[in-house]
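To keep things clear, I will list the structure first and then write my remarks on it.
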Amino acid sequence: MNRLFFNEYEAFTASVQEASMTMRITSLEETKWTLQFAVAGSLRLQQGYEGGGSIAEGATFSDGWLFYQQSRPGHTNGQVATQDEVFAVPPRSEFCLVCHPCHDWLTVFIPTSLLVYFTPELGFASSARPQLLRPPPHVTLRFTSLVRRFVGAAESRPQLWSSPVALESFQNELVAAAKELFIRNQHSTGRHSVRWLRQAKSAVELASSDPDLSLSISELAQTSGVPERTLRTAFQRCFGLSPVELLRILRLHQARRLLLASCPDQTTVTRIAFGLGFWDLGRFAGAYRELFGELPSATLRKPTRISASIRQPG
1 MNRLFFNEYE AFTASVQEAS MTMRITSLEE TKWTLQFAVA GSLRLQQGYE
51 GGGSIAEGAT FSDGWLFYQQ SRPGHTNGQV ATQDEVFAVP PRSEFCLVCH
101 PCHDWLTVFI PTSLLVYFTP ELGFASSARP QLLRPPPHVT LRFTSLVRRF
151 VGAAESRPQL WSSPVALESF QNELVAAAKE LFIRNQHSTG RHSVRWLRQA
201 KSAVELASSD PDLSLSISEL AQTSGVPERT LRTAFQRCFG LSPVELLRIL
251 RLHQARRLLL ASCPDQTTVT RIAFGLGFWD LGRFAGAYRE LFGELPSATL
301 RKPTRISASI RQPG
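Under the numbering used here, the first residue of the sequence shown carries the number 1, and numbering increases by one thereafter.
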């Protein structure tokens, strides 16, 4: 099992599995991202490290549940989440995961059929709502430790993959640990978080589809039909950012996509910046460099794209 190392965020996000989603970097502490994958029977495990903050929005696939845990405090579907909690997302469900400092995270994919077989009393077949599970800390630790220990064992002892008995034993143990997360859960999802998430995502989609919309909370509130105060609360609870902060990040991502898709003889940094409403080129370049670790002119000059940014250890 290989550990993949990345020095560009686009390559990292293109390699993350287990959901259909869009990931955006929100802060940068180091240009380093890593991924590890492992399969144990019907389970699929994934470990990642991000050298900065990010927002991941998307939906799970149709055949199983996705369990997610991150090492630093953040937000999951409008709820404040800590490292002692696990976010459980059922099939075909939308999610929004936010963490602003650099952080480790892990995901576990468990087929619905396996959960129903081992834990029919929990009603997985009929449940269709993402849940932030808050059991006692030692219950969460048991679940996450199992994942990390297995990934470590599989990396150091490749012969583990050729032992069906050992793989099945781990599978059963991890499913039992997942069941315990639900049984010992001490948290219920509030109705406010669902409404906040809907309002915030609607405003983000509106702003993303209209590059002429100014980075103004007043204009965004008027256009979306949501009061300013409500919109501020929704953004803070869902993204941990003010509307203006998040919209600026989204515009910077739009600029990066355009720069990566262009060549110096086709366009200029100035043209792209002005087209997205960045009239102060010095501040634009500074904000861009702070977020992506390079100047926009360097992005435009890149001879290769994502494929060149994956590197192996050593």
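Cβ atoms here follow ideal geometry from the backbone N, Cα and C, with glycine treated the same way. If you're wondering where the values come from, they're calculated on a predicted model, not measured in any experiment.
Just reading off the beta strand (DSSP E) that Ser169 is part of, what are its end residues? Stepping through the sequence shown from its first residue, residue 169 is reached at position 169. Counting along the chain, Ser169 falls outside any beta strand (DSSP E), though it belongs to the alpha helix (DSSP H) covering Pro164 to Ile183.
Round the Cβ separation of Leu250 and Phe235 to the nearest angstrom and send it over; I've been treating them as touching at under 8 angstroms. Here residue 250 corresponds to residue number 250 of the sequence shown, with the count starting at 1. Here residue 235 corresponds to residue number 235 of the sequence shown, with the count starting at 1. At roughly 12 angstroms, the Cβ-Cβ gap does not stay under 8 angstroms, so Leu250 and Phe235 are not in contact.
His103 in three-state terms, based on DSSP: For the purposes of this step, residue 103 is identified with residue 103 of the sequence shown, where counting begins at 1. Of the three classes helix, strand and coil, the one that applies to His103 here is strand, per DSSP.
CB of Arg142 within 8 angstroms of CB of Ala166, strictly: As a position in the sequence shown, residue 142 is number 142, starting the count at 1. As a position in the sequence shown, residue 166 is number 166, starting the count at 1. Going by C-beta atoms, Arg142 is not nearer than 8 angstroms to Ala166.
Between the CA atoms of Arg237 and Pro243 - distance to the nearest angstrom: On the sequence shown, position 243 is the one that residue 243 refers to. On the sequence shown, position 237 is the one that residue 237 refers to. Distance between the alpha carbons of Pro243 and Arg237 is about 11 angstroms.
Does the pairing of the region 279-294 with the region 58-74 give three or more beta-carbon distances under 8 angstroms? no
Span separating the alpha-carbon of Leu319 from that of His103: Residue numbering for the chain in the displayed model covers 1 to 314; residue 319 lies beyond these limits and cannot be assessed.
Beta-carbon separation of Ser218 and Glu228 under 8 angstroms? Within the sequence shown, numbered from 1, the residue matching residue 218 stands at position 218. Within the sequence shown, numbered from 1, the residue matching residue 228 stands at position 228. Yes, Cβ-Cβ distance for Ser218 and Glu228 is below 8 angstroms.
Using 10 angstroms around the beta-carbon of His253, count the other beta-carbons present and answer buried if the total reaches 16, otherwise exposed. Your numbering for residue 253 matches position 253 in the sequence shown. Answer is buried; the Cβ neighbour count reaches 16.
Alpha-carbon to alpha-carbon, Val116 and Ala125: For the purposes of this step, residue 125 is identified with residue 125 of the sequence shown, where counting begins at 1. For the purposes of this step, residue 116 is identified with residue 116 of the sequence shown, where counting begins at 1. Residue confidence is low: Ala125 scores 47 on pLDDT, short of 50, so the model does not pin down where it sits. Its coordinate-derived value is still stated next. C-alpha separation (whole angstroms): 7 angstroms.
Taking C-beta to C-beta, are Ala81 and Pro130 nearer than 8 angstroms? Translated into positions along the sequence shown, residue 81 becomes position 81. Translated into positions along the sequence shown, residue 130 becomes position 130. Result no, Cβ atoms of Ala81 and Pro130 do not sit closer than 8 angstroms.
At what residue ranges does the region 210-258 contain a whole run of the alpha helix (DSSP H), taking only runs of 4 or more? 217-224 and 228-239
Run through DSSP, which three-state label would Val33 get? Here residue 33 refers to the residue found at position 33 when the sequence shown is read from its first residue. Going by the sequence as given, residue 33 is Trp instead of Val. Here Trp33 sits in strand by DSSP.
Identity of the residue in Ser15, Phe5, Leu45 and Pro90 nearest Gln171 by Cα: On the sequence shown, residue 171 is found 171 positions in, with the first residue counted as 1. When only C-alpha atoms are compared, the closest one is Leu45.
Three-way DSSP call (helix, strand, coil) for Ala14 in this model: Taking the first residue of the sequence shown as position 1, residue 14 is located at position 14. Helix at Ala14.
Alpha-carbon to alpha-carbon, Gln199 and Gln222: Within the sequence shown, the letter at position 222 stands for residue 222. Within the sequence shown, the letter at position 199 stands for residue 199. Their Cα atoms are separated by approximately 13 angstroms.
Residue(s) in a DSSP beta bridge with Ser20: Residue numbering aside, residue 20 sits at position 20 when the sequence shown is read from its first letter. Ala59, per the DSSP bridge assignment.
So if DSSP puts Gly64 in a beta bridge, which residue, or which two residues, is it bridged to? For the purposes of this step, residue 64 is taken as the residue at position 64 of the sequence shown. Answer is Pro111, bridged to Gly64.
Helix, strand or coil: which one does DSSP assign to Glu50? Within the sequence shown, residue 50 is the residue found at index 50, counting from 1. If DSSP states are grouped into helix, strand and coil, Glu50 belongs with the strands.
What's the call for Trp279, buried or exposed, on a 16-neighbour Cβ count within 10 Å? For the purposes of this step, residue 279 is taken as the residue at position 279 of the sequence shown. With a 10 Å radius around the Cβ and a threshold of 16 neighbouring Cβ atoms, Trp279 comes out exposed.
From this set, Leu174, Leu259 and Leu197, which residue's C-alpha is nearest Thr299's C-alpha? Reading the sequence shown from its first residue, position 299 is the one you call residue 299. It is Leu259 whose Cα lies nearest to the Cα of Thr299.
Between the alpha carbons of Phe95 and Ser202, how many angstroms are there, rounded? Looking up residue 95 in the sequence shown gives position 95. Looking up residue 202 in the sequence shown gives position 202. So the alpha carbons of these two residues sit roughly 14 angstroms apart.
Backbone secondary structure at Thr76 - three-state DSSP: Residue mapping note: residue 76 aligns to position 76 of the sequence shown, counting from 1. Here Thr76 sits in strand by DSSP.
Might you give, ordered along the chain, the residues of its own chain that have their beta carbon closer than 8 angstroms to the beta carbon of Arg301, omitting 5 neighbours on each side? Locating residue 301 in the sequence shown gives position 301, where the first residue counts as 1. Hits under 8 angstroms: Pro264.
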